[in-house]
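Residue numbers (my numbering): 1143 to 1533. Every residue, glycine too, gets a C-beta built ideally from N, C-alpha and C. Step one of this worksheet: look at the structure below.
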Ligand code: DHB
């Protein structure tokens, strides 16, 4: 069966759903497909920090009000090293903040808003490939849950289909992209206990990194640096608490039953391009960052704000210039976020095989940040997010 629409969007994650939402505001029709079920999408546990600009896009476009009522504003973080906590006060330094509101809540809001608006949103439909990206009628060839073929013909195809993107093949072929792996991962838990600290704690300790985050007044999210091959089921709850406590000296963590555990691998990736002809990739399909600093979803939102503008010009005014400029412009922010995520990661983790010199230099680097208004302001600007293009 062949269907026609203006924009075919592969992937119902934050990028794909937000793009369909913003396009609909301008009266541009789209079809969104995703191989997963709605339940799988709404239950996947991901990071929880939204930049101020991300929150503004979600609320001003009517995609989510709950971010302001259920989410909580945070005006800083604590950086821990050498046995002490240092407060980085974003509000005082640059007058901006972030919101703690988990990604799956954003997805719940976006799916509800899209369905209420009559969006053509299809779960259980798997993209197989993109054809004719170089023409002005590119197509997505997909398979539905029963195995029947579905062809979606559009004016533009957007791959918002995550790090294992199918659309990426049509954009950069087998050239791939810039890639970096890290010799460590995060062991993540969710536990039933109230927050252990007012602000998030990012802690560099001789035993490795730990991040003390939160989800709600009764649930905490915490992570500690581990081996990429660690088995999330292997350690006992006591062993997990021992690891976390020893990596956050001076802070008594509130312990409680652990009801979720996972191991998150780290990679930095940037595709060699984000567009070929009428096929575009955004979000994790085009780039992934290590989780330190929580840039992943925020970067996807920044891509989408830029692409929405470019598609409005292309499809409503036949002005191709913003579309032609899209990839180069998006990549500038992508590489700033790559730098920030790499920097936070390298400054805070213990590198296997690091020498005593390396370790002392790392503490010197952390001190350079917290002893300087300029150093703290760079961190605050990057963490709360550089300004987004005007909508
Ligand atoms: C969370 C995850 C991050 O990667 C981060 O930098 C901050 C918070 C979280 O899941 O809460």
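Nearer than 7 Å: is that true of the beta carbon of residue i relative to any heavy atom of ligand 1?
| i | result |
| --- | --- |
| residue 1136 | In the structure as shown, the chain starts at 1143 and stops at 1533, and residue 1136 therefore has no counterpart that could be examined. |
| residue 1191 | yes |
| residue 1086 | Absent from the structure is residue 1086, since the part of the chain shown begins at 1143 and ends at 1533. |
| residue 1436 | yes |
| residue 1355 | yes |
| residue 1363 | yes |
| residue 1449 | no |
| residue 1433 | yes |
| residue 1342 | yes |
Just the Cα atoms here: how many angstroms apart are residue i and residue j?
| i | j | result |
| --- | --- | --- |
| residue 1378 | residue 1187 | 21 Å |
| residue 1420 | residue 1426 | 19 Å |
| residue 1520 | residue 1228 | 15 Å |
| residue 1182 | residue 1366 | 25 Å |
| residue 1215 | residue 1483 | 21 Å |
| residue 1329 | residue 1147 | 42 Å |
| residue 1435 | residue 1441 | 12 Å |
| residue 1193 | residue 1307 | 25 Å |
| residue 1326 | residue 1385 | 15 Å |
| residue 1272 | residue 1311 | 8 Å |
| residue 1338 | residue 1398 | 11 Å |
| residue 1324 | residue 1171 | 41 Å |
| residue 1391 | residue 1490 | 15 Å |
| residue 1355 | residue 1255 | 28 Å |
For my contact list, residue i and residue j are in at a C-beta cut-off of 8 Å; report their separation, rounded to the angstrom.
| i | j | result |
| --- | --- | --- |
| residue 1175 | residue 1264 | 5 Å |
| residue 1300 | residue 1149 | 6 Å |
| residue 1433 | residue 1406 | 6 Å |
| residue 1266 | residue 1179 | 6 Å |
| residue 1342 | residue 1361 | Not really, about 14 Å apart at Cβ, beyond 8 Å. |
Within 10 angstroms of the Cβ of residue i, are there 16 or more other Cβ atoms? Answer buried if so, exposed if not.
| i | result |
| --- | --- |
| residue 1502 | exposed |
| residue 1480 | buried |
| residue 1463 | exposed |
| residue 1317 | exposed |
| residue 1243 | buried |
| residue 1486 | buried |
| residue 1506 | exposed |
| residue 1439 | buried |
| residue 1458 | exposed |
| residue 1518 | buried |
| residue 1257 | exposed |
| residue 1408 | buried |
| residue 1211 | exposed |
| residue 1465 | buried |
Worksheet item: Where in the region 1173-1203 do unbroken runs of the beta strand (DSSP E), each at least 3 residues long, occur, reported from the N-terminal end onward?
Response: 1191-1193
Worksheet item: Which whole runs of the beta strand (DSSP E) in the region 1378-1462 are 3 residues long or more, in chain order?
Response: 1400-1413 and 1421-1423
Worksheet entry | Sequence ranges, alpha helix (DSSP H) only - wholly within the region 1505-1529, length at least 4 | 1515-1526
Worksheet item: Along the chain, which unbroken stretches of the alpha helix (DSSP H) at least 4 residues long are found entirely within the region 1206-1293?
Response: 1208-1211, 1232-1236 and 1245-1258
Item to complete: Output the residue ranges of the alpha helix (DSSP H) runs that lie fully inside the region 1307-1359 and measure 4 residues or longer, sorted by chain position.
Response: 1309-1314
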